[in-house]
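Read the structure below first, then the notes.
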């Protein structure tokens, strides 16, 4: 394990300082964002939606500061076990007329394995994502894809049922860390499966690289300016997996450079934004991964009393949705709400996946960061 860690550390050094970029970096302009710009892009509220994914329990929308920022939100579906299947929720905000899908990041206390079956090379898309019109050569992180497919069809079914009740609502898909990676795959899946006039925005916080250059270009063509990923200062997680391993971010970076400067970054892998930080900066930037993102901190440590059982909702009350009690997954899923519709689809072919496989895949960043910071830190 130590020798493997050392090899990845050396690769990181090569990527940061000694190798040529694997792609053109012609788009390197940056635009400073004012407080008014940040408000107009709604990044504070969206960060709160991402943070809430760590906190929702048993039909609760009372997670402290994050939920206080978005008080009219009604939680209608949630599932996950904080381990092999990260928590995900579907909610509705009446003031925004928006369906929100929020994905939790990895819980370090629930690690299954960091030494078994590490799959961090780009891998072809699963059939369910590789639909007609998908460009050739698109590949993604195997662990992220495996984590995403655990709940993909359940989330789609829940979103469809909420959309049937509020057909003119837009959709926001968000998450932090691993949840940010899953949210990007989820947004693609929803884009493929929902009516073409559905407005879908995806915003990730501390998002690791999800796929290769073909994937990044595909995301740009699909979402344009409706894809954003926010990097907090010297956070090293958005820099793994490595460029040298064939991974690449799509466009849409917003870099919180410091307490006074936030930049909107043109193009993919803009060298004037977070790609400008060096290995030593990343070694001291691990704590930046949890934020704050526009005043919002991520992770379970930021959650308030999780035992409260009152749902705070807007005046429109939607039908509460839950997953089928019997699922095809290889892991035990914690069902968060009680009503059980019969028409949420379950992908029986792709549903059964190894939880260890996804956690090990997601642990690549932990291995790199362990070399940099002297401790294993999972994203």
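Residue numbers (mature numbering (1 follows the signal peptide of the UniProt record, and there is no 0)): -19 to -1, 1 to 360.
Glycine included, every Cβ here is placed at the ideal spot set by N, Cα and C.
Closest by CA to residue i, which one among the options?
i, options, result
"residue 110", "207, 245 and 171", "171"
"residue 67", "273, 142, 235 and 84", "84"
"residue 204", "119, 213, 149 and 165", "165"
"residue 246", "267, 228, 209 and 240", "209"
"residue 284", "248, 163, 173 and 35", "35"
"residue 250", "197, 54, 268 and 275", "197"
"residue 239", "61, 258 and 131", "258"
"residue 76", "26, 115, 265 and 61", "26"
"residue 102", "117, 114 and 125", "125"
"residue 267", "275, 276, 254 and 214", "214"
"residue 274", "148, 24 and 254", "24"
"residue 37", "54, 21 and 22", "54"
"residue 256", "174, 219 and 228", "219"
Report back the beta-carbon spacing between residue i and residue j to the nearest angstrom; my notes put them in contact at under 8 Å.
i, j, result
"residue 161", "residue 190", "Actually they do not touch by this definition, with Cβ atoms about 11 Å apart."
"residue 211", "residue 237", "7 Å"
"residue 152", "residue 136", "At roughly 11 Å, the Cβ-Cβ gap does not stay under 8 Å, so residue 152 and residue 136 are not in contact."
"residue 206", "residue 185", "The Cβ separation is near 14 Å, so there is no contact."
What does the alpha-carbon distance come out to for the pair residue i and residue j?
i, j, result
"residue 216", "residue 242", "15 Å"
"residue 281", "residue 70", "15 Å"
"residue 28", "residue 183", "12 Å"
"residue 120", "residue 105", "4 Å"
"residue 252", "residue 157", "23 Å"
"residue 134", "residue 81", "16 Å"
"residue 224", "residue 138", "35 Å"
"residue 33", "residue 272", "14 Å"
"residue 78", "residue 145", "13 Å"
"residue 30", "residue 51", "8 Å"
"residue 230", "residue 201", "10 Å"
"residue 60", "residue 222", "27 Å"
"residue 116", "residue 169", "13 Å"
"residue 244", "residue 18", "11 Å"
"residue 150", "residue 262", "42 Å"
"residue 233", "residue 10", "12 Å"
"residue 62", "residue 56", "17 Å"
"residue 58", "residue 248", "35 Å"
"residue 74", "residue 87", "25 Å"
"residue 279", "residue 163", "16 Å"
"residue 22", "residue 235", "11 Å"
"residue 179", "residue 173", "10 Å"
"residue 254", "residue 8", "11 Å"
"residue 175", "residue 265", "42 Å"
"residue 199", "residue 192", "10 Å"
"residue 123", "residue 159", "12 Å"
"residue 72", "residue 127", "24 Å"
Evaluate residue i with the Cβ neighbour count: other Cβ atoms within 10 Å of its Cβ, from every protein chain shown; 16 or more gives buried, anything less gives exposed.
i, result
"residue 112", "exposed"
"residue 49", "exposed"
"residue 194", "buried"
"residue 15", "exposed"
"residue 129", "buried"
"residue 269", "buried"
"residue 226", "buried"
"residue 177", "exposed"
"residue 108", "exposed"
"residue 167", "buried"
"residue 148", "exposed"
"residue 142", "buried"
"residue 228", "buried"
"residue 131", "buried"
"residue 276", "exposed"
"residue 12", "exposed"
"residue 114", "exposed"
"residue 118", "exposed"
"residue 20", "exposed"
Using a Cβ-Cβ distance cut-off of 9 Å, determine whether residue i contacts chain C.
i, result
"residue 83", "Looking for chain C here will not work: only one protein chain is present."
Inset, instruction - Could I get the ranges of all uninterrupted beta strand (DSSP E) runs contained in the stretch 118 to 155, with 3 residues as the minimum, in chain order? - result: As far as the stretch 118 to 155 is concerned, its whole beta strand (DSSP E) runs of at least 3 residues are 120 to 122.
Legend entry - Every unbroken beta strand (DSSP E) within the stretch 200 to 281, with a cutoff of 3 residues, ordered by chain: Listed in chain order, they are 208 to 213, 234 to 237 and 243 to 246.
Legend entry - Those runs of the beta strand (DSSP E) which lie wholly inside the stretch 6 to 85 and span at least 3 residues: Secondary structure within the stretch 6 to 85: the beta strand (DSSP E) runs of 3 or more consecutive residues, fully enclosed, are 11 to 13, 54 to 61, 69 to 74 and 79 to 84 (chain order).
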